[in-house]
Structures are given as structure tokens and as C-alpha cells.
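Structure record follows, encoded as C-alpha cells.
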Amino acid sequence: TQGQVITCKAAVAWEPNKPLVIEEVQVAPPQAGEVRIKILFTALCHTDAYTWTGKDPEGLFPCILGHEAAGIVESVGEGVTEVQAGDHVIPCYQAECKECKFCKSGKTNLCGKVRVATGVGVMLTDRKSRFSINGKPIYHFMGTSTFSQYTVVHDVSVAKIDPVAPLEKVCLLGCGVPTGKDLYLPWLNMNKLSCLGAVWNTAKVEQGSIVAVFGLGTVGLAVAEGAKASGASRIIGIDIDTKKFDRAKDFGVTEFINPNDHEKPIQQVIVDLTDGGVDYSFECIGNVGVMRAALECCHKGWGTSVIVGVAASGQEISTRPFQLVTGRVWKGTAFGGFKSRSQVPWLVEKYLKKEIKVDEYITHTSTLPEINKAFDMMHEGMCLRVVLDM
Ligand code: NAD
Ligand code: AHE
Ligand code: ZN
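Quick note, the sequence shown lines up with residues 3 to 392 if you use full-length UniProt numbering.
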């Protein structure tokens, strides 16, 4: 198939909010600096659902959504040296070129090389899509488009992983699980990764910290797991769905609050319970009102709040500037601060050594033709991740 157009099945989002349609799509061969991947498993993430609503300014239609997946390289374009046909890989929506201003800064995991193209659903070389249906182009999404049996991505967006890793599980390392692990970074810096010289400016959850996690979905539970590993003394889980509480204990949550059980604002409830506020809070929902509460439940003088949830275009956060004047810190994270190509393979190894959970986040499995039902499942209360067998 190398050098030839591949026709395969993909779930196409023709219009916002309309059911995805399984179509025969043509996938062009990879051009210079590109990699064509046979996607074997993809999970659904809430960000796919968000873009599908039409509220994401970077979501262009028609497109192929999906960004949390694993597969095998089918062929590579000219000049691609780091992967070859047959390699097991995880597509990375957050690229890592190792050469741009961002990659070299040592201060961020964001990469500037292909971001302009991935934000408008095309490939960098010719600003065109590699997907089409009878000649009509279909946009890419997040530089990954994993709801297709074959996809084309930039070489800087491919992490080569250990072939012994089960792809039906490690696909989750393409987004949701690492995202919550931002606070693992101090721990990462202490060992092997320090040799990469990467120093991030991130939440350093120290031993004994009090942590609040807003939203107990995959991302929130991954935060709780990370907080536990960092030695947090209390991990307060906040969710309006009490069904989430039992399971969250297994991920390290030590106490629960349902905001609907209280008349006082949730930030006040937490401040009262923690002698002045938490050391760290994480918003894992995408709700700007909750983002404010997450900042304001932080302790005066040092409390740090990290925004993880993605809020729709047009939404804005607000608080009294006095909250920051008095020492609270507001920050955010993308892909948990991980440098994708360097660190995803390493996370896979951590999983293989049973040092981080992955299987526990998979509550449902399905197949590509059932993708619309799989999204319905995702919106059911007890679902963390649905993994599709392509
Ligand atoms: P999820 O829907 O599984 O989890 C959200 C949880 O929040 C649910 O348990 C829900 O009951 C709860 N919730 C909703 N409204 C609430 C409220 N007002 N107060 C308290 N709890 C409330 O979602 P997820 O897959 O865990 O993703 C969470 C968010 O993170 C999404 O916005 C997603 O787009 C975003 N995300 C961000 C990144 C990143 O890199 N920054 C990566 C992945 C996902
Ligand atoms: N395109 C959206 C923003 C979406 C967003 O913030 N995405 C997160 C990852 S969510 C993964 O599930 C992210 O990493 N952002 C940094 C980046 O470079 O995209 C919008 O609203 O414009
Ligand atoms: Zn995601």
C-alpha cells in the first residue's frame, strides 16, 4: 500500500451535532515529514464531543475527530527517520519537534512546529488534507483524526512505543491519563527524565499537600492518582454526580463533596473544611464558574489552581484580582505538561511496570460502526473511557 491511496472506513462529522457517519474515505499517502498510521484502537475523549458541538473555533467541518489512540505505522513520507513501517505508535495531538522556540525553552511542552496547520485541519507541507471522499476534502482534527482506520499525521506528532504494550489499553496514554498527571512532574524530574534537562513550571504537589479535584471523570481521577503518588494528605473530590464517589476512592480520593448538598458556595465549604483553603486545586470539567470556585478555594498566600478542563469559545473566567494579589496562583495545563514524543514511550513503560493505572480507566469497549452509541455511553454517568476496536 506504500505510496498508494488507501480506502478505508472512518467516522465523518459532516456537521455540528449531527450523528457521525461511517464513510469510505480515501487516505492519501504521507508526504515529506508525514506518517500514515493504521489505527487499531481509539478512545473517546470529552474534547471530541466538545468540538463536535461546533463550539470549538478550531473544529472545521466536515472532519474526522479522535485524538486518543494507538496503531501501527503503515508507511512514511520522505525524510522521516524516527519511525518506520511496522512500528507501534501513539499519535500525539501535542507535537514535539525538539527544535522550535517552545521545545527549546525548557519551560513548556507546547510545540510550535505544526500547530498552525493542526488548528485549521490540514497538513503543514501544502496546507491540504490527506482525507477525501470522492475528491471532496475532509478536514483533520488536532493533527490526529483517529476515528479512521488509517490516518496521516506529522512525524513530530508520533510517539514510538514498546511493541509489547497492549494497544487496546495504552491508547489512553494519547490524552486523558497523562493529562491528569501534571503533578507527577516533580517526581519525574527526580529520576531518569532529569537527564533530558527538562524543567517545567508546574504544580508541584508536595508530600502532605491538601488537594481539591473538581470533576471525577478520567481526567479528575488521573489527577487524584497523581496526587496520591505525590503523597498528598487529603484529596477532596468534588462532583455533582454522587455515583462517581465510590469508584474515586480507588484512585486516591479521600473525601467527597457534592456542591448541591450545600447552600454556601462550594469554595466557602472547602475553605471551612481545610483551615483556610487547599494547597492545590484542579478544574477537570470545563466549567468557568467551577474554575472560579477552584481558584477561590485555594489557601491565601500560596494556593495554586490548575485549569485542565476545556471551556467553549466565548466563555471567560473571572475572579476578584485580590485573590491573586493575596498569593493564589492560577495556571493551566495541556497534555499534563508532558513532552509527547519524549515522554509517552516512558509513560508506556511506567504502565508496563504497573506504576500507573490505565486499564482501570476503561469502563466500556465498542467498535467503529457503533461510534454514535459509544458517545451516548460516554455521556452516561458511570463511564470513564470507551475504547473502540477499529
Ligand atoms: P468527564 O465528563 O468524564 O468528567 C467531568 C466530571 O465533572 C463528571 O464526573 C461530571 O459529573 C462532573 N461535573 C460536571 N459539572 C460539574 C459541576 N458543576 N461541579 C462538579 N462536578 C461537575 O470528562 P473528562 O474526560 O474527565 O474531561 C474533563 C475535561 O478535561 C473536559 O473539559 C476535557 O475537554 C478536558 N481535557 C483537557 C485536557 C488538557 O490537556 N487540558 C486533556 C483532556 C481533557
Ligand atoms: N481548540 C480548542 C482548545 C482545545 C484545548 O484546549 N485543547 C487542549 C487539549 S484537550 C485534549 O482532550 C490543549 O492541549 N490545548 C493546547 C493546544 O495546543 O491545543 C479551542 O477552544 O480553541
Ligand atoms: Zn482528549
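All C-beta atoms, glycine included, are put in the ideal place defined by N, C-alpha and C.
Among the options, nearest to residue i - alpha-carbon criterion
i: A234; options: A250, I240, T220, G254; result: G254
i: V154; options: V29, Q4, R343; result: V29
i: V312; options: A15, H48, L370, M144; result: H48
i: Q317; options: R294, C300, Q325; result: R294
i: I140; options: D248, I39, V124; result: V124
i: R132; options: E257, R38, G210; result: R38
i: P157; options: T110, K100, C300; result: According to the sequence as given, residue 157 is Asp; it is not Pro. That would be K100, whose Cα lies nearest to the Cα of D157.
i: V331; options: E357, V310, Y353, E298; result: E298
i: L174; options: G210, P165, V221; result: V221
i: K162; options: A314, H301, H90; result: H90
i: F216; options: Q209, G210, V179, N260; result: N260
i: I373; options: G56, Q6, F149; result: F149
i: A250; options: K230, K57, N262; result: K230
i: L67; options: V14, G108, E36; result: V14
i: N136; options: F104, V7, N19, A167; result: V7
i: R387; options: M144, T55, E70; result: E70
i: T276; options: K302, L46, I242; result: K302
i: Q345; options: I238, M379, T181, H381; result: T181
i: D263; options: E257, I242, D252, K183; result: I242
i: V213; options: E285, P168, K266, F143; result: E285
i: F258; options: P165, N289, T244, P323; result: T244
i: T306; options: I319, V350, Y282; result: Y282
i: K109; options: Y353, K352, A336; result: A336
i: L126; options: T83, K183, G35, S107; result: G35
i: R129; options: S147, E351, S211, Q33; result: Q33
i: K40; options: S147, V118, K103, Y363; result: S147
Opening and closing residue of the alpha helix (DSSP H) in which residue i lies
i: I373; result: 373–380
i: S211; result: Here S211 belongs to no alpha helix (DSSP H), and DSSP marks it neither H nor E.
i: E227; result: 220–231
i: S107; result: 103–107
i: A313; result: Taken as a continuous stretch (DSSP letters only), A313 belongs to no alpha helix (DSSP H), as it is neither H nor E.
i: R249; result: 246–252
i: Y152; result: Here Y152 belongs to no alpha helix (DSSP H); instead the beta strand (DSSP E) covers 152–156.
i: G291; result: 290–298
i: E26; result: Looking at the DSSP string, E26 is not in any alpha helix (DSSP H); the run it does join, the beta strand (DSSP E), is 23–29.
i: H48; result: 48–54
i: T367; result: Taken as a continuous stretch (DSSP letters only), T367 belongs to no alpha helix (DSSP H), being part of the beta strand (DSSP E) at 364–369.
i: R236; result: Looking at the DSSP string, R236 is not in any alpha helix (DSSP H); the run it does join, the beta strand (DSSP E), is 236–240.
i: T120; result: 117–120
i: E327; result: Looking at the sequence itself, residue 327 is Val, so the reference to Glu does not match. Where V327 is concerned, the enclosing alpha helix (DSSP H) stretches over 324–327.
9 Å Cβ cutoff met for residue i and residue j
i: E26; j: T9; result: yes
i: E80; j: V122; result: no
i: I287; j: G339; result: no
i: Q86; j: C113; result: no
i: L326; j: I24; result: no
i: K333; j: V308; result: yes
i: K206; j: G383; result: no
i: E170; j: T365; result: no
i: P64; j: E17; result: yes
i: S159; j: G145; result: yes
i: D361; j: L42; result: no
i: I268; j: V280; result: no
i: G239; j: A226; result: yes
i: Q209; j: K11; result: no
i: V350; j: A119; result: no
i: L46; j: A376; result: yes
i: D164; j: P21; result: no
Range of the contiguous beta strand (DSSP E) that encloses residue i
i: W332; result: 331–334
i: A71; result: 70–78
i: K162; result: 160–162
DSSP state of residue i mapped onto helix, strand, coil
i: S283; result: strand
i: M392; result: coil
i: A13; result: strand
i: L275; result: helix
i: L40; result: According to the sequence shown, residue 40 is Lys rather than Leu. If DSSP states are grouped into helix, strand and coil, K40 belongs with the strands.
i: I268; result: helix
i: P261; result: helix
i: E351; result: helix
i: I8; result: strand
i: P180; result: helix
i: G338; result: helix
i: G88; result: coil
i: K138; result: strand
i: C173; result: helix
i: S307; result: strand
i: S196; result: Low confidence applies here, because S196 scores a pLDDT of 30, under 50, leaving its location unreliable and the question unanswered by this model.
i: F143; result: coil
i: W202; result: Because the pLDDT at W202 is just 31, under 50, the model does not fix this residue reliably, and the point stays unresolved.
i: R387; result: strand
i: F133; result: strand
- Sufficient close CB pairs (3 or more, under 8 Å) joining the stretch 175–182 to the stretch 51–67: no
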